[in-house]
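Encoded as structure tokens, the structure appears first; notes follow it.
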Amino acid sequence: MRQGSGKSKRRPADPAAAHGAPASASPWVTSAGFGLLAFTLVFAHYFPADSTAVESGDALWVCLLAILAGWAGWWSASDGVTVAQKSPVQFSAGRCRTWIPDLLIFAVAGWIVLASWQTSPPGNLRMASNEAWWWVAAAVWWTGARRLTAGKAAIRRLLILIVIAISLAGAVEGLHQQWISLPADRARYAADPESVLAEVGIDAPPGSAQRMAFENRLNDGGPIGTFALANSFAAQLLVGLVLSVAVLVRSWNTLGHLHKAIGLGGCAILVLTLVATGSRSGMAAGVLTSLAAGCISLNRAGRQNNVKDIADPQDSGATHSSETVSSPEDQTRSNKQGSWQPVVIGIGVLIVVTLTAVVAFGRGEWVRQAPMSLAFRFQYWRSTAAMALDHPWFGAGPGNFQSLYERYREPSANEQIAEPHNFLMETLGAGGFLAAALLIVWFLSLLASQRHASAPENRHGESNPNETLDHQVVMGGFLAGVILCLMSRWVIGASPAIEAVLASVVLAGGWFVAMRAFVQVELDDAVVRSVSRVAIAGLLLHLTVSGGWTVPGVALAGWTLAALAFPSQWVPRSAVSVDPDSRSSWNHPRLAIGVIGMVLVCGIGFGSIRPVTQAARLSRQAEFSLMDGRVDQAWRLLNQAVDADPWDFRAALSAADASHWRLILAAPPQFGGDAQADRVSDASAEVQRRHQQWKNMVDTTLRRSGVSPSVRRVLAGQSLHVYQRFGFADDLSFAAELLNQSTAASPSHQWHWAQLAAVRQAMGDQAGAERAADTADTLSKLGNNYQRWLDRQFIYLPKVVGDEANFGPQTAPASEVLQNLLDENAVSAKISKSSHSDSQPES
867 MRQGSGKSKR
877 RPADPAAAHG
887 APASASPWVT
897 SAGFGLLAFT
907 LVFAHYFPAD
917 STAVESGDAL
927 WVCLLAILAG
937 WAGWWSASDG
947 VTVAQKSPVQ
957 FSAGRCRTWI
967 PDLLIFAVAG
977 WIVLASWQTS
987 PPGNLRMASN
997 EAWWWVAAAV
1007 WWTGARRLTA
1017 GKAAIRRLLI
1027 LIVIAISLAG
1037 AVEGLHQQWI
1047 SLPADRARYA
1057 ADPESVLAEV
1067 GIDAPPGSAQ
1077 RMAFENRLND
1087 GGPIGTFALA
1097 NSFAAQLLVG
1107 LVLSVAVLVR
1117 SWNTLGHLHK
1127 AIGLGGCAIL
1137 VLTLVATGSR
1147 SGMAAGVLTS
1157 LAAGCISLNR
1167 AGRQNNVKDI
1177 ADPQDSGATH
1187 SSETVSSPED
1197 QTRSNKQGSW
1207 QPVVIGIGVL
1217 IVVTLTAVVA
1227 FGRGEWVRQA
1237 PMSLAFRFQY
1247 WRSTAAMALD
1257 HPWFGAGPGN
1267 FQSLYERYRE
1277 PSANEQIAEP
1287 HNFLMETLGA
1297 GGFLAAALLI
1307 VWFLSLLASQ
1317 RHASAPENRH
1327 GESNPNETLD
1337 HQVVMGGFLA
1347 GVILCLMSRW
1357 VIGASPAIEA
1367 VLASVVLAGG
1377 WFVAMRAFVQ
1387 VELDDAVVRS
1397 VSRVAIAGLL
1407 LHLTVSGGWT
1417 VPGVALAGWT
1427 LAALAFPSQW
1437 VPRSAVSVDP
1447 DSRSSWNHPR
1457 LAIGVIGMVL
1467 VCGIGFGSIR
1477 PVTQAARLSR
1487 QAEFSLMDGR
1497 VDQAWRLLNQ
1507 AVDADPWDFR
1517 AALSAADASH
1527 WRLILAAPPQ
1537 FGGDAQADRV
1547 SDASAEVQRR
1557 HQQWKNMVDT
1567 TLRRSGVSPS
1577 VRRVLAGQSL
1587 HVYQRFGFAD
1597 DLSFAAELLN
1607 QSTAASPSHQ
1617 WHWAQLAAVR
1627 QAMGDQAGAE
1637 RAADTADTLS
1647 KLGNNYQRWL
1657 DRQFIYLPKV
1667 VGDEANFGPQ
1677 TAPASEVLQN
1687 LLDENAVSAK
1697 ISKSSHSDSQ
1707 PES
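Next up, the structure:
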């Protein structure tokens, strides 16, 4: 209800229906779009595709859902009109301002898609296309959601509640991890570390850098919810905290004591979990923007900004009166809402809860290591900028940042990162300078588009039967998502303890039910827009130094809030009264939208989802066969996986590993014989045949993987293992070739240089071995990180051991293998230093 608007004439809810004209948009498409919005938000929470999972294809299903939901939004507005139709000039200007942000975000996505093709090779096309689909899905989702929710204030408020409930459910699960799951895992690892490492699939000998990294994460890490990284989890929590504070403050004076306690309890759970994650940027951004959201939601003037409300009949309580004037009760409630009491109470509670959480979960290194952590970020950004300067048009391409970044990683940098911990730098790395520039212009266009935005005349007092249906569909999609996702996690064995599931459902569901009625009355659309913008600001502030914004579990909520914060001015005709004679049930825009939607769905379905899922299914079957010792069957299944997805290198790498084991086990053990005798007797036709099969699969892996140094490291290890078993000189030379490539692709990693030094020494290249050993020794001392020391780098022994290789490759610390190549005093000092510094944390 707009204050001071006076009287307004009643109009039919749908003038087209009154004149017998065709429906403005297919109602079932619009309803399906609302259901998909809610379902996809839940799906992205339970299957967030964190870390490198997007590149691996784990996000393809959420991409498909996002494309379908966004397509429904475009379809529903395909016969829509802009809200500025007061004159032809205003109509043209409004249409232009509406389309510019859409065109810009599609330009970013289109450029990223082009980059995926232009950078593969040297990148991997499957990983590039998997991430490119996320950029396309994000663009379709945002542009479609801002159309789908335009003129639907009640739906927009309901989406706010859903985002909060999802964050709260994750927070409850995170507290269960902090208090129950993580202590139990630590105790189990302390009792039997080998079985725990085998369970998670990590091959890390005692004292190795890999084992120490795992132990650091286990002992020092906090809760991660459904994510893989704490910073990603913190991003979800801070968004929920900002919105929940706004809802609580806005509804404070109309809440009963029980509802106030429930609202405060939800905020407290979010704050406790956010602090427990240990994310400094998440805590800072969450607290600052929560206070800002509380102040904004208290200020009634924020409801009357330059953007007029696009309201629905339920906004401020729909009635059937033909006059829209403020009642004394409304004015009294407005005065109560203007009180600063909620903010004062909220600030006090937020401070108390935060201090309590810091005392309970805080660690001193949070503050001490903050400057060092920020210095690491600058290392990432400098390396990313250097990479972009060498590849200005397309950067590393989507999905291939990690492989190309290693070439530019500063020698003193310790971490091998998957993304640069900055959303703008991530865009720069994925699409070059043009993609980053387009993204900046897109942000500016959003701000500019809202300066002249307007809305259709507020239709308080009108009834719209579709509104109730849409509301029910959103709730149905939300509940269906929760039920199906929980069942799916249980089936695949990814579900947490049953008490964690029940607690998250009960507490988050109870908060949702308790606050829903008050939010639908108290939270008007202007506050929804303002608070959504504050939440986005907090999210981007966090993503400026932590995490990646191509993680669907993080980004999808952000894109949804962006749709609520910057609604489209191109709205469905059902939200604004227009001349029914101008409508048509089928028009050229709708035809184009239908064709484009079909192309996108078929492209992601047949071009990505089908080959990726087939290869993954066959690879899982092969893994089970390997666990049962059926190497030949696993090899056949992996070969089928390689053929199922001609772009993927992971199945080829696994097939190469299975092939090399078939080769190792080709000849029966000859106990009591020497290595030289084994080398001669094993040069049989079967060994040669399997050797060629392995080499063929290695070539396939190299052709598909691009310049990845990690792939070359694995293949070099296979080659050295084969050399240990049979002693073929070609295998030693091939390992040296792979290591030369890996040191060129990752010149700052000490393991590659140490392994190359050992191989060169075995080949008789003493001068080359000394240079490589000296480089490895120098790199191991940089960054003050004990995990880089040479006694933590386990390398393959380049010598023939015969039958002993049947039980696994022979490895040893690089400090021992290269001892004769290094300065004796330096080696002794390093071994002495490592003996009393095992407790030093990794930065």
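Numbering of the sequence shown is given in my numbering, commencing with residue 867 and proceeding in unit increments.
Ideal Cβ placement from N, Cα and C applies to all residues, glycine included.
(message) With a threshold of 8 angstroms, are at least 3 pairs of Cβ atoms found where one atom belongs to the segment 1512–1524 and the other to the segment 1555–1573?
(response) yes
(message) Checking 8 angstroms against the spacing of the C-beta atoms, do Ala1101 and Gly1413 come in under that value?
(response) One-based indexing of the sequence shown puts residue 1101 at position 235. One-based indexing of the sequence shown puts residue 1413 at position 547. For Ala1101 and Gly1413, yes; Cβs fall inside 8 angstroms.
(request) Starting from the C-beta of Trp927, find all residues in its chain whose C-beta is less than 8 angstroms away, skip the five residues before and the five after it, and write them out in chain order. (result) If you number the sequence shown from 1, residue 927 lands on position 61. Around Trp927: Phe909, Phe913 and Ile1475.
(request) Would you mind reading off the limits of the alpha helix (DSSP H) that contains Ile1135? (result) Start at 1 with the first residue of the sequence shown, and residue 1135 comes out as number 269. Start and end: His1123 to Ala1142.
(request) Confirm the yes/no value for this check: CB of Leu1457, any heavy atom of the ligand FAD, distance under 7 angstroms. (result) Inclusion of the ligand FAD in the displayed structure is not the case, the ligand content being empty and no account of it being possible.
(request) Using only alpha-carbon positions, find the residue among Glu1365, Ala1134, Phe1289 and Gly1152 that is nearest to Leu1104. (result) Start at 1 with the first residue of the sequence shown, and residue 1104 comes out as number 238. With distances taken between Cα atoms, Leu1104 lies closest to Gly1152.
(request) Would you decide whether Ala1167 is buried or exposed? Buried here means 16 or more other CB atoms lie within 10 Å of its CB. (result) For the purposes of this step, residue 1167 is taken as residue 301 along the sequence shown, with counting starting at 1. Residue placement at Ala1167 is poorly supported in this model, since its pLDDT is 38, which falls under 50; the coordinates are not used for a value here.
(request) Closer than 8 angstroms by C-beta to Val1029: which residues in its own chain qualify, once you throw out the five before and the five after it? Chain order, please. (result) Position 163 of the sequence shown, counted from the first residue, corresponds to residue 1029. Hits under 8 angstroms: Leu907, Val1105, Gly1106, Leu1109, Ala1423, Thr1426 and Leu1427.
(message) Can you tell me where the beta strand (DSSP E) holding Phe1660 begins and where it ends?
(response) Within the sequence shown, numbered from 1, the residue matching residue 1660 stands at position 794. Unbroken beta strand (DSSP E) run through Phe1660: Phe1660 to Tyr1662.
(request) Using three-state DSSP, classify Pro1679 as helix, strand or coil. (result) Within the sequence shown, numbered from 1, the residue matching residue 1679 stands at position 813. Three-state result, Pro1679: strand.
(message) Which same chain residues end up closer than 6 angstroms to Gly1634 when comparing Cβ atoms and leaving out the 5 residues on each side of it in sequence?
(response) Position 768 of the sequence shown, counting from 1, holds the residue named residue 1634. Within the same chain, Gly1634 has close Cβ partners Arg1626.
(message) Give the list of continuous alpha helix (DSSP H) stretches no shorter than 4 residues that lie fully inside the segment 978–1049.
(response) 991–1014 and 1019–1042
(request) Indicate the three-state DSSP secondary structure (helix, strand or coil) for Ala925 in the structure shown. (result) Within the sequence shown, numbered from 1, the residue matching residue 925 stands at position 59. Note: Ala925 maps to coil in three-state DSSP.
(message) Below 8 angstroms, how does it come out for the segment 1648–1656 and the segment 1584–1592: are there three or more Cβ pairs, yes or no?
(response) no
(request) Would you identify the three-state DSSP class for Trp1513, choosing helix, strand or coil? (result) Taking the first residue of the sequence shown as position 1, residue 1513 is located at position 647. Coil, per DSSP.
(message) Could you tell me the alpha carbon to alpha carbon distance between Ala1150 and Ser942, rounded to whole angstroms?
(response) As a position in the sequence shown, residue 1150 is number 284, starting the count at 1. As a position in the sequence shown, residue 942 is number 76, starting the count at 1. For Ala1150 and Ser942, the distance between alpha carbons rounds to 40 angstroms.
(message) Helix, strand or coil, according to DSSP, for Gln1235 in the structure here?
(response) In the sequence shown, residue 1235 corresponds to position 369, counting from 1. In this structure, Gln1235 counts as coil in the three-state DSSP scheme.
(message) Taking 8 angstroms as the threshold (C-beta atoms), are Ile1032 and His1337 in contact?
(response) Counting from 1 along the sequence shown, the entry for residue 1337 is found at position 471. Counting from 1 along the sequence shown, the entry for residue 1032 is found at position 166. Contact flag unset, no.
(request) With DSSP collapsed to three states, give me the class of Val1357. (result) Along the sequence shown, read from residue 1 onward, the residue named residue 1357 stands at position 491. Reduced to three states, the DSSP call for Val1357 is helix.
(request) Answer with buried or exposed for Gln1632, where buried requires no fewer than 16 other C-beta atoms within 10 angstroms of its C-beta. (result) Numbered from 1 along the sequence shown, position 766 holds the residue referred to as residue 1632. Classification for Gln1632: exposed.
(message) Please report the distance separating the alpha-carbon of Ala1016 from that of Arg1395.
(response) In the sequence shown, counting from the first residue as 1, residue 1016 sits at position 150. In the sequence shown, counting from the first residue as 1, residue 1395 sits at position 529. Their Cα atoms are separated by approximately 12 angstroms.
(message) Which of the three DSSP states is assigned to Asn1672 in this structure?
(response) Walking along the sequence shown from the start, residue 1672 turns up at place 806. Of the three classes helix, strand and coil, the one that applies to Asn1672 here is helix, per DSSP.
(message) I'd like to check one pair, Ala981 with Gly1295: are the Cβ atoms closer than 8 angstroms?
(response) Residue numbering aside, residue 1295 sits at position 429 when the sequence shown is read from its first letter. Residue numbering aside, residue 981 sits at position 115 when the sequence shown is read from its first letter. The answer is no: Cβ separation not under 8 angstroms.
(message) Output needed for Ala1758: all residues of its chain with C-beta closer than 6 angstroms, excluding positions within five of it in sequence on either side, in chain order.
(response) What is shown of the chain runs 867 to 1709, which leaves residue 1758 out entirely.
(message) Using only CA atoms, which one of Phe1592, Pro1455 and His1618 lies nearest to Gly939?
(response) Within the sequence shown, residue 939 is the residue found at index 73, counting from 1. That would be Pro1455, whose Cα lies nearest to the Cα of Gly939.
(request) Give me the Cα-Cα distance between Ala904 and Leu1335, rounded to the nearest whole angstrom. (result) Position 38 of the sequence shown, counted from the first residue, corresponds to residue 904. Position 469 of the sequence shown, counted from the first residue, corresponds to residue 1335. For Ala904 and Leu1335, the distance between alpha carbons rounds to 14 angstroms.
(message) Within the continuous alpha helix (DSSP H) that includes Trp1617, where are the two ends?
(response) The sequence position of residue 1617 within the sequence shown is 751, counting from 1. From DSSP, the alpha helix (DSSP H) with Trp1617 extends over Gln1616 to Ala1628.
(request) For Arg1579, name the three-state secondary structure that DSSP assigns. (result) Taking the sequence shown and counting its residues from 1, one reaches residue 1579 at position 713. Looking at Arg1579 - three-state DSSP - the assignment turns out to be helix.
(message) Is the beta carbon of Leu1519 closer than 8 angstroms to that of Val1580?
(response) Walking along the sequence shown from the start, residue 1580 turns up at place 714. Walking along the sequence shown from the start, residue 1519 turns up at place 653. Closer than 8 angstroms, so yes.
(message) Between the alpha carbons of Phe1600 and Gln1559, how many angstroms are there, rounded?
(response) As a working note, residue 1600 is residue 734 in the sequence shown. As a working note, residue 1559 is residue 693 in the sequence shown. For Phe1600 and Gln1559, the distance between alpha carbons rounds to 15 angstroms.
(request) Check the C-beta distance from Gly1343 over to Gly901 and give it rounded, since I have them as a contact under 8 angstroms. (result) Taking the sequence shown and counting its residues from 1, one reaches residue 1343 at position 477. Taking the sequence shown and counting its residues from 1, one reaches residue 901 at position 35. Indeed, because the Cβ distance is near 3 angstroms, the residues count as touching under 8 angstroms.
(request) Using three-state DSSP, classify Pro1194 as helix, strand or coil. (result) Numbered from its first residue, the sequence shown carries residue 1194 at position 328. At Pro1194 the pLDDT is 39, less than 50, meaning the model places this residue with poor confidence; the figure from the coordinates comes in the next sentence. DSSP places Pro1194 in helix when its eight states are reduced to three.
(message) I'd like to check one pair, Glu997 with Glu1065: are the Cβ atoms closer than 8 angstroms?
(response) Sequence index remark: in the sequence shown, residue 1065 carries index 199 (1-based). Sequence index remark: in the sequence shown, residue 997 carries index 131 (1-based). Not closer than 8 angstroms, so no.
(message) Is it the case that the segment 1131–1148 contacts the segment 1069–1084, given that we only count it when at least three CB pairs across the two stretches are under 8 angstroms?
(response) no
(request) Return no unless some Cβ of chain C is closer than 8 angstroms to the Cβ of Ser1147. (result) This model lacks chain C altogether; it includes just one protein chain.
(message) Just verifying my parser: in three-state terms, what is the DSSP assignment at Thr906?
(response) The count along the sequence shown starts at 1 and reaches residue 906 at position 40. Reduced to three states, the DSSP call for Thr906 is helix.
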